[in-house]
Amino acid sequence: MVDPMNLTETPTSAPALRIDNPATGEHVGTVPVSSPADVGAAADRARAAQPAWEGLGIRQRRRVLARFHDLLFERQGEILDTVQRESGKTRREALGELLAIAGTARYYLAHGEGYLASESHAGASPFITGARVVYRPHGVVGFITPWNYPFILSIGDALPALLAGNAVVIKPSELTPLSAELARTLLVDSGLAEDLVQLVHGYGAVGATLIEHVDYISFTGSVATGRKVAMAAAGRLIPSSLELGGKNPMIVLEGASLDDAVSGLMSGAFYNTGQTCIAVERVYVQSSIFDRFADLARRRTEELEIGWSLDWDIDVGSLISREHSDKVMGHIDDAVTRGATVLTGGERRPDLGPTFVAPTLLTGVEDSMELSCEETFGPVVALYPVADAEEAVARANDTAYGLNASVWTGDKRTSQALAQRIEAGSVGINSTLLIYATYDVPMGGVKQSGIGRRHGRPGIRRFTRSQSIVDSVAKGGGYEGILTRITSQSRADKLARAFKLMRHIPGLR
Ligand code: NAD
């Protein structure tokens, strides 16, 4: 029999998830795996608690979010240690997670109420009809999240969902459940009822079970899993959003400051050890400046401090697991075997541990190599010389993905024009990862990088269903009654004349 969810590939019998620091092997925690009955019970409790939360109104709900925001800073040390210990990332990157969550909370504290306020609209006919749109929560929203930003991604999208009046059930990655546990504790310590924010743990099967119980599913992860989640959501006819992977291009043309562009590349490609959905993985540099760019990029890459510590002295941390380092090295080895050239890196760092791969720059990457089109999700970048902007845009768009891109030209108008020719949900001018911290604009993918948007107005509206309330004067059976009163040609002509005139009344829609 066909297994459309392809769940047989994931272990389901493990009683607990054992979490070890990927950088050091130190054991850092254990969480129980949720059974299907546990998942159903969590959703039931969430469903029972949700109406009272919705009934509180958004002003009361904001208070919890405000306390949560402040608690982030009071418990900063604990948060950073937890995130670092289960992911192997650097102190700065863990701080980045905290700041992003605080930024999201602040943004929706400031704008959430306005985005969810009911709106008055034109009725079917002036004077005798009216219309309002109200935004009501779905009920129980499920989140299935990945490991690369275990704090941001497990709770960041849940904040607007909660503010909108939903209860949430979160299935964090099986590799990083501890940051999600801490985020939940902080929300409960901020005054949120325990049943309104629940966690279920385990492998893919637990995520699949969660989809069966919720009213909306928000998924962040790989394209392959996103496709399965979309099919499961379609089967239940529940709405969903999918934040998926990328193979994000960077374009550098004559006129750009090479120093600035290389700095952008260092953070765009190597932040979070390249394990960022919006990370730069392909760089198209105009031929006339290619050698200088590549040489500077190589020197700056070789200056990066690699390792892991709870201090602030490391630039590039560990990959998430031995298995993931095998995948990253597989991409590098395949490219090298087929003729690519390593400018720097290209190897493991066994002196640091089995999960460390040196930041790597490659040239001569051809279409036939895995690295050229598949998401590597590691500290690996391919540099390509291009003749001009035309070739850069064509090659940037030659991908199944469309998440993020970056443009460096030295001229604002040129960059703006170029940005609009790139098929990606977001484009940074003189920046690579800026989109994530720009909470006022929607963020998401096109093509296979996803469906739906986080942040901005859509980032909270998606957790609601609009309800249109139309009203009419009751006289004669309401607006619809008008037609029942047409009993002669002269009455029909009178009505037609009135309707025709409406086009000339200013302000009428
Ligand atoms: P993944 O797709 O392997 O897993 C993501 C989550 O889905 C995990 O919690 C996993 O247990 C769960 N899952 C697995 N199979 C499932 C199934 N059949 N049904 C329901 N849930 C299932 O992804 P990952 O390796 O954890 O994360 C890395 C990927 O996430 C990369 O592709 C990266 O680009 C992407 N990502 C995207 C964004 C974005 O905002 N666009 C952000 C971060 C990461």
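Each residue of the sequence shown is one higher than the one before, counting from 1382 in the working numbering. A virtual CB, placed ideally from N, CA and C, is assigned to each residue, including glycine.
Report the three-state DSSP secondary structure of residue i (helix, strand or coil).
i       : result
Glu1624 : strand
Ser1644 : helix
Thr1601 : strand
Trp1434 : helix
Val1587 : helix
Arg1884 : coil
Val1383 : For Val1383, the predicted structure reports a pLDDT of 31, less than 50, and the residue's modelled location is therefore unreliable. A value from the coordinates is still provided. Three-state DSSP puts Val1383 in coil, outside helix and strand.
Leu1398 : strand
Pro1518 : strand
Leu1388 : For Leu1388, the predicted model reports a pLDDT of 42, less than 50, meaning its position is unreliable; a value from the coordinates is still stated below. Correct three-state label for Leu1388: helix.
His1836 : coil
Gln1848 : strand
Gly1504 : coil
Ile1482 : helix
Thr1393 : Here Thr1393 scores only 49 on pLDDT, less than 50, and its place in the model should not be relied on; the value that follows carries that caveat. Three-state result, Thr1393: coil.
Pro1413 : strand
Val1595 : coil
Ala1873 : helix
Arg1472 : helix
Arg1428 : helix
Ile1695 : coil
Determine the closest residue to residue i out of the options, with distance taken between C-alpha atoms.
i       : options                            : result
Gly1711 : Val1738, Gly1504, Ala1818, Glu1686 : Val1738
Pro1403 : Glu1751, Cys1658, Gly1698, Gly1831 : Gly1698
Ile1619 : Val1569, Asp1596, Val1664, Leu1724 : Asp1596
Arg1663 : Pro1531, Phe1758, Leu1764          : Leu1764
Leu1543 : Arg1517, Tyr1530, Thr1526, Ser1560 : Arg1517
Leu1623 : Leu1398, Thr1757, Gly1826, Leu1559 : Gly1826
Ala1650 : Leu1876, Pro1630, Ser1669          : Pro1630
Ser1929 : Val1514, Pro1740, Ile1460          : Only positions 1382 to 1890 of the chain appear in the structure, and residue 1929 is not among them; the question remains open.
Arg1466 : Arg1443, Tyr1488, Thr1411          : Thr1411
His1836 : Thr1819, Ala1427, Gly1627, Gly1720 : Thr1819
Ala1447 : Pro1553, Gly1745, Leu1573          : Leu1573
Asn1811 : Val1633, Val1581, Ala1481          : Val1633
Gly1806 : Lys1793, Glu1593, Ile1832          : Ile1832
By DSSP's criteria, residue i is part of a beta bridge. Which residues make up the other side?
i       : result
Ile1551 : Phe1524, Leu1580
Leu1556 : In the DSSP output, where bridge partners are listed per residue, Leu1556 has none listed.
Thr1744 : Thr1722, Leu1764
Tyr1665 : Ile1632, Tyr1765
Met1824 : Arg1835
Arg1513 : Ser1501, Ile1850
Ser1807 : Asn1785
Thr1757 : Bridge partners of Thr1757: none, in fact.
His1450 : DSSP lists no partner for His1450.
Arg1866 : Answer is none; Arg1866 lacks a bridge partner.
So residue i and residue j are supposed to be a Cβ contact under 8 angstroms. How far apart are they, rounded?
i       : j       : result
Cys1754 : Thr1780 : 6 angstroms
Ile1533 : Glu1478 : 5 angstroms
Ala1777 : Ile1803 : 6 angstroms
Ser1571 : Val1445 : 5 angstroms
Using 8 angstroms as the Cβ pair cut-off and three pairs as the minimum, do the stretch 1606 to 1618 and the stretch 1627 to 1640 touch? no
For the structure I just gave you, are there three or more beta carbon pairs, one from the stretch 1839 to 1858 and one from the stretch 1535 to 1543, closer than 8 angstroms? yes
Validate contact between the stretch 1677 to 1688 and the stretch 1643 to 1650 using beta carbons, cut 8 angstroms, 3 pairs: yes
Segment contact flag, the stretch 1509 to 1527 with the stretch 1547 to 1558, C-beta cutoff 8 angstroms, min 3 pairs: yes
The stretch 1447 to 1457 contacting the stretch 1658 to 1676, beta-carbon criterion three pairs below 8 angstroms: no
Touching by the beta-carbon criterion (3+ pairs, under 8 angstroms), the stretch 1794 to 1805 and the stretch 1684 to 1694: no
Three or more C-beta pairs under 8 angstroms: does that hold for the stretch 1492 to 1511 against the stretch 1425 to 1437? no
Say whether the stretch 1691 to 1707 touches the stretch 1469 to 1478, bearing in mind that this needs 3 or more beta-carbon pairs closer than 8 angstroms, one atom from each stretch. yes
Evaluate the contact criterion for the stretch 1848 to 1862 versus the stretch 1817 to 1826: three or more CB pairs, one atom per stretch, below 8 angstroms. no
Taking 8 angstroms as the threshold, find out whether the stretch 1400 to 1420 comes into contact with the stretch 1582 to 1591 through three or more Cβ pairs. yes
Does the pairing of the stretch 1771 to 1788 with the stretch 1723 to 1738 give three or more beta-carbon distances under 8 angstroms? no
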